[in-house]
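In my numbering, the protein residues as written are 4 to 490. For each residue, glycine too, the CB sits at the ideal point set by N, CA and C. Bear in mind the structure is a predicted one, so any value in this text is a computation, not a measurement. Input: a single structure, listed below in structure tokens.
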Ligand code: AMP
Ligand code: MG
């Protein structure tokens, strides 16, 4: 276990030079206090969790103090936002404080979001509000606990500093951790500005630090792109299987590591709805739940375009062609497991699609359906779940197909079936209304709820005594919350 002043820095991105980022000092926020910290994230840095309670912790992650070895930098990038190219983006309110490596030899970027203005702030104030910082913290750690790759969050620090959004709010900072903060938009920036040497330097950096195994391949950059395609196909399959809607899949919010990144008005589905749009400024539904799949491919094509200096167009096109089949294979594998199946049959995709269609028409809770399906034998479970459906004939037909399928799968003993299914079907997910309750309490200075919710979501598959209320469907007020896009 390390103390805070024992972190070991190795700022590899900063060493790339001024063409990639600008030195900027964090601008502190007033009266910093710990809102919530993640013990699991502390462990990634070998930090003793008790340290989070010390004043110096809040000072470090609110811009009041800085390690001598830190090198705070705002990164430059660009990207396609809602389909249109924006030539100049960058860290407008976040700073890469430096890269730290742990005892296992892993490097983690320390990125402080809400750290003040930078040359890339455009018209923004460089701040993040408490509400969006809490949402990012909870989502990062909850996704990780579900087994969905994500950037991580060490802590949220609240303050008295006023900031203006639709109304006056308080500034906060969230400390984000990821092995890299390089986005698709980084490659796009150097490609479209025709900074050939810097583009080459970036590609070399990413290849050697983040895809070292690809260096052994005959065409290292192609192997790297293929790996990025594979990781994104797998990531998006997990989002779809667990009902996560990102909301702002612009290419500047896509990580080259294939992790969930840059949280905005995201949501987990309550009722299953393939057409769900969590982002209220997304009028066309570009980033609706089901559109995330083709948009994943669209974003990879944007990255492919930016990699044309290194890889032939034919090879890029062929590799892009792997995305959909890979996505489908991962998705189907996850859905089979969610249904408790251990074998594969050709018609399984249809079985899943039919179920989702029935759920869509009846407004069935996506998370609880699968959890309850594992509570009992297939026959008993479908009999109990039947009442949730409007189209009873349709459901009965599906239930017969499902029972027959479970039979052919080997009909494992119920205790075994339950254990297997509960290990992949969470009881607790970050529902918008739960996040909202925690935010409302935190905004009035009470951090118990956000800490408790974080704790519950850190073990989403495990039934936790006394925490029944966190597994409930939303009350009426919490069903269609409009999550503000301002953050
Ligand atoms: P986002 O929608 O959070 O992914 O941000 C898109 C771009 O706007 C990024 O370049 C951000 O750094 C920048 N940005 C967002 N909010 C602010 C803010 N309050 N101040 C300065 N820049 C911001
Ligand atoms: Mg962003």
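To the nearest angstrom, how far is the alpha carbon of residue i from that of residue j?
i           : j           : result
residue 393 : residue 306 : 44 Å
residue 141 : residue 156 : 8 Å
residue 446 : residue 36  : 13 Å
residue 7   : residue 17  : 21 Å
residue 421 : residue 149 : 18 Å
residue 88  : residue 434 : 32 Å
residue 58  : residue 382 : 56 Å
residue 211 : residue 205 : 10 Å
residue 167 : residue 136 : 15 Å
residue 359 : residue 107 : 42 Å
residue 21  : residue 189 : 14 Å
residue 296 : residue 336 : 16 Å
residue 408 : residue 356 : 15 Å
residue 186 : residue 321 : 22 Å
residue 302 : residue 179 : 23 Å
residue 346 : residue 423 : 13 Å
residue 483 : residue 448 : 26 Å
residue 100 : residue 443 : 30 Å
residue 104 : residue 410 : 50 Å
residue 232 : residue 469 : 42 Å
residue 397 : residue 311 : 49 Å
residue 481 : residue 436 : 5 Å
residue 375 : residue 85  : 38 Å
residue 418 : residue 467 : 19 Å
residue 478 : residue 459 : 19 Å
residue 256 : residue 265 : 5 Å
Can you give me the start and stop residues for the alpha helix (DSSP H) that residue i sits inside?
i           : result
residue 419 : 417 to 425
residue 97  : Unbroken run through residue 97 is the beta strand (DSSP E), 97 to 104; no alpha helix (DSSP H).
residue 326 : 326 to 341
residue 184 : Counting along the chain, residue 184 falls outside any alpha helix (DSSP H), and DSSP gives it neither H nor E.
residue 400 : 395 to 412
residue 57  : Careful: residue 57 lies outside any alpha helix (DSSP H) and carries neither H nor E.
residue 451 : 451 to 460
residue 353 : 351 to 365
residue 301 : 295 to 309
residue 84  : No alpha helix (DSSP H) contains residue 84, which is instead part of the beta strand (DSSP E) from 82 to 84.
residue 278 : Note, residue 278: premise wrong, no alpha helix (DSSP H); not H, not E.
residue 112 : No alpha helix (DSSP H) holds residue 112; the beta strand (DSSP E) holding it covers 110 to 116.
Among the residues of its own chain, which have a CB less than 7 Å from the CB of residue i, if the five just before and after it don't count?
i           : result
residue 124 : 95 and 96
residue 333 : 236, 237 and 240
residue 171 : 165
residue 203 : none
Taking Cβ to Cβ, would you say residue i is nearer than 9 Å to residue j?
i           : j           : result
residue 176 : residue 118 : yes
residue 64  : residue 158 : yes
residue 291 : residue 277 : yes
residue 191 : residue 313 : no
residue 329 : residue 237 : yes
residue 152 : residue 263 : yes
residue 275 : residue 352 : no
residue 367 : residue 403 : no
residue 287 : residue 489 : no
residue 298 : residue 248 : no
residue 369 : residue 246 : yes
residue 144 : residue 457 : yes
residue 354 : residue 412 : no
residue 405 : residue 473 : no
residue 25  : residue 122 : yes
residue 386 : residue 377 : no
Excluding five sequence neighbours on each side, which residues of the same chain lie with their C-beta closer than 8 Å to the C-beta of residue i?
i           : result
residue 220 : 226
residue 1   : There is simply no residue 1 to check, as the chain begins at 4 and stops at 490 in what is shown.
For the beta strand (DSSP E) that residue i lies in, which residues bound it at each end?
i           : result
residue 36  : 36 to 40
residue 89  : 87 to 89
residue 134 : That residue, residue 134, is in no beta strand (DSSP E); its alpha helix (DSSP H) goes 133 to 149.
residue 470 : Where residue 470 is concerned, there is no enclosing beta strand (DSSP E), given that its DSSP letter is neither H nor E.
residue 78  : 76 to 78
residue 236 : From DSSP, residue 236 is part of no beta strand (DSSP E) but of the alpha helix (DSSP H) over 223 to 245.
residue 155 : 155 to 167
residue 24  : 24 to 26
Below 6 Å CB to CB, which residues in the same chain sit around residue i once its five sequence neighbours on both sides are set aside?
i           : result
residue 51  : 4
residue 267 : 250 and 251
residue 234 : 261
residue 138 : 438
residue 45  : 52
residue 120 : 129
residue 201 : 22 and 193
residue 102 : 13, 14, 15, 110 and 112
Tell me, please, whether the CB atom of residue i is closer than 9 Å to any CB atom in chain B?
i           : result
residue 275 : Absent from the structure: chain B. Only one protein chain is present.
Subject >> Residues passing the C-beta test against ligand 1 heavy atoms, cut-off 7 Å >> reply: 92, 93, 94, 95, 96, 97, 120, 123, 124, 125, 127, 128, 129, 130, 131, 251, 253, 255, 256, 265, 267 and 490
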